[in-house]
Amino acid sequence: KPDGILLAPSFIEESVTFTDKCKELKIPYVLIDSDLPNDGSLSYIGPNLYHSGYLAAHLVNYLIKESDKILIVNISREIDNQHHLLKKEEGFRAYYQDHNKTGNIIKLDINDTDLKSIERVLAKAFNEHSPIKAVFVTNSRVSKVAHFIEHDYKDIILIGYDFLEENIEFMDKGIIDFLICQKPKQQGYRGLISLYQYLAFGSTVEKIYFMPIDILTKENSAFYRN
9 KPDGILLAPS
19 FIEESVTFTD
29 KCKELKIPYV
39 LIDSDLPNDG
49 SLSYIGPNLY
59 HSGYLAAHLV
69 NYLIKESDKI
79 LIVNISREID
89 NQHHLLKKEE
99 GFRAYYQDHN
109 KTGNIIKLDI
119 NDTDLKSIER
129 VLAKAFNEHS
139 PIKAVFVTNS
149 RVSKVAHFIE
159 HDYKDIILIG
169 YDFLEENIEF
179 MDKGIIDFLI
189 CQKPKQQGYR
199 GLISLYQYLA
209 FGSTVEKIYF
219 MPIDILTKEN
229 SAFYRN
């Protein structure tokens with residue numbers, strides 16, 4: 009029985025089962041990276057998922073015409089369970105609703121996460137919905153989409169998430185236009201500090217601590233501190 013737990017939930021159902029057990033055993037826990045609905049955590053430290061998707065739509069809106077086609081790509085083995093992906097998509101669509109824009113948005117869920125499967129599904133979508141002008145990938149697997157569009161679709165606006173080496177490589181090539189980043193190392197650090205303050209000193213910790221939503225391009229990525 010640990011004194012405290014730091015958890016980055018990916019799958020809602022399993023995470024809720026786990027945190028219910030924590031509450032039963034009176035083990036305090038802090039959530040990072042993604043929150044859980046109706047949760048009783050000590051603190052949540054991470055991005056506002058909805059607003060990060062909203063921001064992505066704002067960026068896209070500057071770069072394409074209202075009638076242009078936009079592809080939202082969710083890549084995960086269990087998308088129905090991926091709360092953080094759906095929240096980002098919700099925020100993206102909300103931008104267009106809030107600004108009275110129709111937004112020619114096409115959604116693509118890809119459950120097989122190997123590169124060949126992703127490329128096969130993308131090829132079908134691009135053939136059926138041509139021309140697609142912008143692609144928003146709701147997680148860090150944007151590099152796999154970049155691999156697909158590198159040779160034949162270089163003029164497409166591509167936005168995704170996370171300061172990862174493979175993503176930066178495609179950004180430096182000019183394939184990925186924007187990466188939305190939310191300082192994962194700081195999330196982990198703040199999460200541990202919150203548990204320490206609570207357990208060692210009985211201090212009250214901040215219930216929700218939203219991380220800044222950073223926009224990276226190839227011009228500023230070399231100076232980013234994660």
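Residue numbers 9 to 234, in this note's numbering, belong to the letters of the sequence shown in order.
We put the CB at the ideal spot given by N, CA and C, even for glycine.
Within its chain, find whatever has a CB closer than 6 Å to the CB of residue i; leave out the 5 residues flanking it on each side and keep chain order.
| i | result |
| --- | --- |
| residue 52 | 39, 43, 216 |
| residue 198 | 53 |
| residue 57 | 92, 95, 96 |
Verify whether the separation of the beta carbon atoms of residue i and residue j is less than 8 Å.
| i | j | result |
| --- | --- | --- |
| residue 86 | residue 61 | no |
| residue 195 | residue 47 | no |
| residue 223 | residue 178 | no |
| residue 164 | residue 140 | yes |
| residue 152 | residue 221 | no |
| residue 148 | residue 117 | no |
| residue 207 | residue 88 | no |
| residue 202 | residue 33 | no |
| residue 175 | residue 150 | yes |
For the beta strand (DSSP E) that residue i lies in, which residues bound it at each end?
| i | result |
| --- | --- |
| residue 218 | 216-218 |
| residue 54 | 51-54 |
| residue 222 | 222-224 |
| residue 117 | 112-118 |
| residue 176 | Where residue 176 is concerned, there is no enclosing beta strand (DSSP E), although the alpha helix (DSSP H) it sits in stretches over 173-180. |
| residue 13 | 13-15 |
For the alpha helix (DSSP H) that contains residue i, what are its first and last residues?
| i | result |
| --- | --- |
| residue 186 | First-last for residue 186: 186-189, but that is the beta strand (DSSP E), not the alpha helix (DSSP H). |
| residue 201 | 192-209 |
Which residues in the same chain as residue i place their Cβ atom closer than 7 Å to its Cβ, once the five residues preceding and following it in sequence are excluded?
| i | result |
| --- | --- |
| residue 200 | 14 |
| residue 112 | 75, 76, 77, 78 |
| residue 64 | 100, 144, 167, 188 |
| residue 193 | 234 |
To the nearest whole angstrom, what separates the beta carbons of residue i and residue j, a pair I think is in contact under 8 Å?
| i | j | result |
| --- | --- | --- |
| residue 143 | residue 172 | Between residue 172 and residue 143 the Cβ distance is about 17 Å, and since that is not below 8 Å, they are no contact. |
| residue 80 | residue 115 | 5 Å |
| residue 103 | residue 66 | 6 Å |
| residue 37 | residue 27 | 6 Å |
Once the 5 residues before and after residue i are set aside, which same chain residues still bring their CB inside 8 Å of it?
| i | result |
| --- | --- |
| residue 23 | 15, 17, 44 |
| residue 205 | 211, 213 |
If you scan the segment 121-168 from start to end, which runs of the alpha helix (DSSP H) of 4 or more residues do you find wholly inside it? 123-136, 150-157
Give the list of continuous beta strand (DSSP E) stretches no shorter than 3 residues that lie fully inside the segment 26-99. 37-40, 51-54, 77-83
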